[in-house]
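> Heads up: the sequence shown runs through residues 174 to 575, numbered per this note's numbering.
So that we are looking at the same thing, I have put the structure below in structure tokens.
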Amino acid sequence: MLKKVLKFGGTSVGSIDRIQHVANIIKKEHDSGNQIITIVSAMSGKTNELVKLSQEINKDFDKRELDVLLSSGEQVTCALLAGALISKNLKARSWMNWQIPILTEGEHSNSRIININTTKINNYIKNGVAIIPGFQGISRDGDITTIGRGGSDATAVALAKLLDADRCEIYTDVDGVFSTDPNKIPVAKKIDKISFDEMLELSSLGAKVMQSSAVQTAMMYDIPLEVRSTFTDRKGTKIFHQENLDYTKSVTGVAYSKDDAKITLLGVEDKPGVAANIFEPLHKAQINVDMVIQNISSDQKKTDITFTIKRNDLLKTKEILKNNKKISYKGFTQNEKVAKVSIVGAGMVSTPGVTYKMFKALADEKINILAISTSEIKLSVIIDEDNTLNAVKKLHTIFDLD
Ligand code: ADP
Ligand code: ASP
Ligand code: MG
């Protein structure tokens, strides 16, 4: 008998037929003698629909009320799935975040799970299936919170840890983690095994198949994950610590995101302390600056500084720059139509020339690089958004991933 945490994403529970199909998967697992805890997302598209409704009232809708609204999507799927299992003569029940409770801390829309009381769940799974809503919790003050988009993955990993589960399986709409998004680049290949480090880079650089904070928690507590399809029986992708992996390729995957923006401050004084004065108020406002480039000026007195931020921080960043009395500059330019394309691979550490190969490939496609950032196992570039898929395809091919 195994204790299994099974998480089903939005597409997997996107219609009544699909919920029935998920109920059959759970029934099969339960009938084989396993203890089952199921985490569900809202039906696909539901959370976006709720966000849109809130914005029709106010673009800057109250954050507390937004969490109350968004958490309702998962409540619907929990009850439908529990009902489907009961109709198949299984003992099943759902609980909402506050009934368990799933305790979180941090700000609304972006809270973190800090504890889940497992007593009720552990008692129930002795002979029944427990169904838990992903993506949400309750604060110490008793307010409903949500833990960031895609957060049901994080709920599953947190529960797997706290319940000391034998397995944590993430059921989704693709066969596993691929070398890049298989829905955009059909020649992408499924990866059988991947390290936590690589998965963390891929997911934080745009591969939304796993939410990055879920991967981080799994890595921290060494909880092996399996990503697999709800709709086929094919083997999925196993994610675990890397010492067990053998790297035959320098690059494991290519990821991209279109949520960055680039700002260039023109004619900034070129003297010590200026960069600190620019970035200090951004840091205080919790704006995350990703890449920074400083050009050396010809007269050594003035310079231009380029940096990237998340696109939804652009307005706030411009306000802060305008109100910053500690710096002087001629003006700034902004570019929102940029994308970040990244190659990720633990094999990069031992392969020379990866950087050159990437830059040469982009140059051959006449794609201009606007900013660069690197870590031991990843290399990211900012390029014009229009070139995204072209760049991803080219990199996928030259690093032998097709
Ligand atoms: P769920 O609703 O099951 O959580 P998501 O939509 O969050 O599913 O994540 C699955 C999607 O992630 C896939 O449909 C695919 O388009 C996208 N994706 C992006 N990059 C990758 C990748 N490297 N491997 C697999 N899927 C990816
Ligand atoms: N329903 C939430 C979202 O769409 C959480 C999730 O699906 O994981 O972001
Ligand atoms: Mg997801």
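Virtual Cβ for every residue (Gly too), placed ideally from N, Cα, C.
Around the Cβ of Glu229, are there at least 16 other Cβ atoms within 10 angstroms (buried) or fewer (exposed)?
Here residue 229 refers to the residue found at position 56 when the sequence shown is read from its first residue. So Glu229 counts as exposed.
> Looking at C-alpha atoms only, which residue of Lys225, Pro445, Asp395, Gly307 is the closest neighbour of Arg340?
Numbered from 1 along the sequence shown, position 167 holds the residue referred to as residue 340. Looking at Lys225, Pro445, Asp395, Gly307, the one whose alpha-carbon comes closest to that of Arg340 is Asp395.
> Using three-state DSSP, classify Ile451 as helix, strand or coil.
The count along the sequence shown starts at 1 and reaches residue 451 at position 278. Of the three classes helix, strand and coil, the one that applies to Ile451 here is helix, per DSSP.
> Taking just the CA atoms, how far does Ile317 sit from Leu455?
For the purposes of this step, residue 455 is identified with residue 282 of the sequence shown, where counting begins at 1. For the purposes of this step, residue 317 is identified with residue 144 of the sequence shown, where counting begins at 1. Their backbone Cα atoms lie some 29 Å apart in a straight line.
> Closest to Val462 by CA distance: which of Glu222, Ile469, Phe452 is it?
Along the sequence shown, read from residue 1 onward, the residue named residue 462 stands at position 289. That would be Phe452, whose Cα lies nearest to the Cα of Val462.
> What does Lys366 pair with, by DSSP beta-bridge criteria?
For this step, residue 366 is matched to residue 193 along the sequence shown. For Lys366, which the question treats as bridged, DSSP gives the partners Lys411.
> Below 8 Å, can you find three or more Cβ-Cβ pairs linking the stretch 561–574 to the stretch 348–355?
yes
> Entirely within the stretch 217–270 and at least 3 residues each: give me those beta strand (DSSP E) ranges in chain order.
265–267
> Measure the alpha-carbon distance for Gly379 versus Lys489 and round it to whole angstroms.
Mapped onto the sequence shown, residue 379 falls at position 206. Mapped onto the sequence shown, residue 489 falls at position 316. Each residue's alpha carbon lies about 23 Å from the other.
> Gln208 to Gly301, Cα distance in whole Å?
If you number the sequence shown from 1, residue 208 lands on position 35. If you number the sequence shown from 1, residue 301 lands on position 128. Taking the straight line joining both Cα atoms gives about 8 Å.
> For Gly246 and Ile358, I'd like the C-alpha separation in whole angstroms.
Here residue 246 refers to the residue found at position 73 when the sequence shown is read from its first residue. Here residue 358 refers to the residue found at position 185 when the sequence shown is read from its first residue. For Gly246 and Ile358, the distance between alpha carbons rounds to 30 Å.
> Gln272: buried (16+ other C-beta within 10 angstroms of its C-beta) or exposed?
If you number the sequence shown from 1, residue 272 lands on position 99. Classification for Gln272: exposed.
> Report yes or no: do three or more beta-carbon pairs, one from the stretch 442–451 and one from the stretch 397–404, lie closer than 8 Å?
no
> Excluding five sequence neighbours on each side, which residues of the same chain lie with their C-beta closer than 8 Å to the C-beta of His281?
Within the sequence shown, numbered from 1, the residue matching residue 281 stands at position 108. Within the same chain, His281 has close Cβ partners Lys236, Arg237, Leu239, Asp240, Asp316, Thr318, Thr319.
> Any heavy atom of the ligand MG closer than 7 Å to the beta-carbon of Lys381?
Translated into the one-based positions of the sequence shown, residue 381 becomes position 208. Result yes, Cβ under 7 Å from the ligand MG.
> Label Leu535 either buried or exposed according to how many other C-beta atoms from any shown protein chain fall within 10 Å of its C-beta, with 16 as the threshold for buried.
Your numbering for residue 535 matches position 362 in the sequence shown. The residue is buried, with at least 16 neighbouring Cβ atoms inside 10 Å.
> Determine the burial state of Leu226: buried for a count of at least 16 other Cβ atoms within 10 Å of its Cβ, exposed for fewer.
As a working mapping, residue 226 is identified with position 53 in the sequence shown. Classification for Leu226: exposed.
> If you follow the beta strand (DSSP E) that Val360 is part of, which residue opens it and which one closes it?
Your numbering for residue 360 matches position 187 in the sequence shown. Where Val360 is concerned, there is no enclosing beta strand (DSSP E), given that its DSSP letter is neither H nor E.
> Beta carbon of Glu222: closer than 7 Å to some heavy atom of the ligand ASP?
By 1-based counting over the sequence shown, the position of residue 222 is 49. Incorrect: Glu222 has no Cβ contact closer than 7 Å to the ligand ASP.
> Count the other CB atoms, across all protein chains shown, that sit within 10 Å of the CB of Lys498; report buried if there are 16 or more and exposed otherwise.
Start at 1 with the first residue of the sequence shown, and residue 498 comes out as number 325. So Lys498 counts as exposed.
> Can you check DSSP and say which residues form a bridge with Phe480?
Here residue 480 corresponds to residue number 307 of the sequence shown, with the count starting at 1. According to DSSP, Phe480 bridges with Ile436, Val465.
> Classify Ala255: buried if its beta carbon has 16 or more other beta carbons within 10 angstroms, exposed otherwise.
Indexing the sequence shown from 1 puts residue 255 at position 82. So Ala255 counts as buried.
> Where does Asp204 sit, in a helix, a strand or coil, going by DSSP?
Along the sequence shown, read from residue 1 onward, the residue named residue 204 stands at position 31. Here Asp204 carries a helix assignment [DSSP, helix/strand/coil].
> State yes or no: is the C-beta of Ile436 within less than 8 Å of the C-beta of Phe505?
The residue labelled residue 436 in the question sits at position 263 within the sequence shown. The residue labelled residue 505 in the question sits at position 332 within the sequence shown. Against a cut-off of 8 Å, the Cβ pair of Phe505 and Ile436 comes out as a contact.
> Name the two residues that bound the continuous beta strand (DSSP E) containing Glu342.
Within the sequence shown, residue 342 is the residue found at index 169, counting from 1. Glu342 -> beta strand (DSSP E) spans 340–345.
> Let me check one thing: in DSSP terms, what residues is Ile304 bridge-paired to?
In the sequence shown, residue 304 corresponds to position 131, counting from 1. DSSP lists Thr211, Ser267 as partners of Ile304.
> For the ligand MG, is there a heavy atom less than 7 Å away from the beta-carbon of Gln507?
Here the question's residue 507 lines up with position 334 in the sequence shown. In terms of side-chain proximity, the C-beta atom of Gln507 is found no nearer than 7 Å to any non-hydrogen atom of the ligand MG.
> Taking buried to mean at least 16 other C-beta atoms within 10 Å of its own C-beta, is Leu175 buried or exposed?
Counted from its first residue, the sequence shown places residue 175 at position 2. With fewer than 16 other Cβ atoms within 10 Å, it is exposed.
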